[in-house]
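Read the structure below first, then the notes.
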Amino acid sequence: MARRIDYSARFPHPPERVYEALADPDHWEARMTEMRKYSENHVREFTVSESGIALVLHHVLPRSDLPEIARTVIKKDMVITRKETYGPFTDRATGTYQASIPGGPGSLTGTMELFGDDRGATLRTTSEAKVHIPFVGGKLEELILTNLVDVFRTEAAITADWLTGR
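The sequence shown begins at 8 in our numbering and counts up by one.
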């Protein structure tokens with residue numbers, strides 16, 4: 008059974024500025040620099056075109072940092088490949104992401120929507136985790152989604168700081 012979670016990052020900036028940050032390689036490098044304080048992270052691919060933004064991120068989590076329940080399944084450092092795409096910005100932008108782990112026993116996918124509101128912009132992410140392991144799958148899904156919200160919260164703070172500094 009899959010589990011879902013929604014997370015909304017709010018920015019005191021217009022959605023056009025948030026989208027411009029998402030389309031700026033300097034923003035992504037600033038994100039990766041900050042995220043490297045927690046684990047190895049880097050942008051593997053990044054393109055911006057008329058059809059939108061596409062990027063591939065790598066996150067490496069040392070096995071020793073994983074919760075015990077995850078170490079029962081994952082026998083080496085966990086390399087997460089996250090692919091994100093955002094369509095072009097009109098009055099809003101939508102996107103998708105998927106995260107994968109080589110040999111991983113499940114999937115993590117989601118959608119993103121960037122839109123304006125009376126206080127600035129909101130980037131809403133809806134995520135779904137599926138782990139195909141009897142007995143522990145549900146606990147791992149819950150663990151993944153809880154940790155994912157922490158990642159999204161940190162990334163949103165980095166983006167907000169980056170925008171404020173511009």
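Built from N, CA and C at the ideal position, the CB exists for glycine as well.
Residue range of the beta strand (DSSP E) that Phe53 falls in?
Reading the sequence shown from its first residue, position 46 is the one you call residue 53. For Phe53, the enclosing beta strand (DSSP E) starts and ends at Glu47 to Ser56.
Is Val67 buried or exposed, if buried means 16 or more other CB atoms sit within 10 Å of its CB?
To locate residue 67, count along the sequence shown from 1; it is residue 60. The residue in question, Val67, is exposed, as its Cβ has fewer than 16 Cβ neighbours within 10 Å.
Measure the alpha-carbon distance for Thr101 versus Ser134 and round it to whole angstroms.
Position 94 of the sequence shown, counted from the start, is the residue given in the question as residue 101. Position 127 of the sequence shown, counted from the start, is the residue given in the question as residue 134. Roughly 14 Å separates the two Cα atoms.
Counting only runs that start and end within the stretch 63 to 108, where is the alpha helix (DSSP H) found for 4 or more residues in a row?
The stretch 63 to 108 contains these whole alpha helix (DSSP H) runs: 75 to 78.
If contact is defined by three or more beta carbon pairs under 8 Å, each pair taking one atom from either stretch, is the stretch 115 to 128 in contact with the stretch 45 to 59?
Taking one beta carbon from each stretch, the stretch 45 to 59 and the stretch 115 to 128 have fewer than 3 pairs nearer than 8 Å; the two do not touch.
By the 10 Å Cβ neighbour count, where 16 or more other Cβ atoms means buried, how is His20 classified, buried or exposed?
Working through the sequence shown from its first residue, we reach residue 20 at position 13. Buried.
Excluding the 5 residues flanking Arg160 on each side, which residues of the same chain have their C-beta closer than 6 Å to its C-beta?
The sequence position of residue 160 within the sequence shown is 153, counting from 1. No residues qualify anywhere along the chain.
I need the boundaries of the alpha helix (DSSP H) containing Met119, first residue and last residue.
Working through the sequence shown from its first residue, we reach residue 119 at position 112. Counted as a single uninterrupted DSSP element, the stretch harbouring Met119 is not any alpha helix (DSSP H) but the beta strand (DSSP E) occupying residues Gly113 to Asp124.
Is the separation between the beta-carbon of Arg24 and that of Leu64 shorter than 8 Å?
The residue labelled residue 24 in the question sits at position 17 within the sequence shown. The residue labelled residue 64 in the question sits at position 57 within the sequence shown. Taking the C-beta atoms as reference points, Leu64 is found no nearer than 8 Å to Arg24.
Where Val156 sits in the DSSP three-state scheme:
Reading the sequence shown from its first residue, position 149 is the one you call residue 156. In the structure shown, Val156 falls within a helical segment according to DSSP collapsed to helix, strand and coil.
Taking just the CA atoms, how far does Pro141 sit from Glu27?
Translated into the one-based positions of the sequence shown, residue 27 becomes position 20. Translated into the one-based positions of the sequence shown, residue 141 becomes position 134. Glu27 and Pro141: Cα-Cα distance of roughly 43 Å.
Can you tell which of Glu41, Arg17 and Ala30 has its C-alpha closest to the C-alpha of Ala167?
The residue you call residue 167 lines up with position 160 of the sequence shown. Nearest of Glu41, Arg17 and Ala30 to Ala167, Cα basis: Arg17.
What is the residue span of the alpha helix (DSSP H) that Arg38 lies within?
Your numbering for residue 38 matches position 31 in the sequence shown. Run containing Arg38: Pro32 to Met42, per the alpha helix (DSSP H) assignment.
Cα-Cα separation, Met8 to Ser15
Numbered from 1 along the sequence shown, position 1 holds the residue referred to as residue 8. Numbered from 1 along the sequence shown, position 8 holds the residue referred to as residue 15. In this structure, the straight-line span from the alpha carbon of Met8 to that of Ser15 is close to 24 Å.
Spatial distance of Lys146 from Asn154 (CA atoms):
By 1-based counting over the sequence shown, the position of residue 146 is 139. By 1-based counting over the sequence shown, the position of residue 154 is 147. The alpha-carbon separation between Lys146 and Asn154 amounts to approximately 12 Å.
Quick one: what does DSSP say Gly144 is sitting in, helix, strand or coil?
Position 137 of the sequence shown, counting from 1, holds the residue named residue 144. Reduced to three states, the DSSP call for Gly144 is helix.
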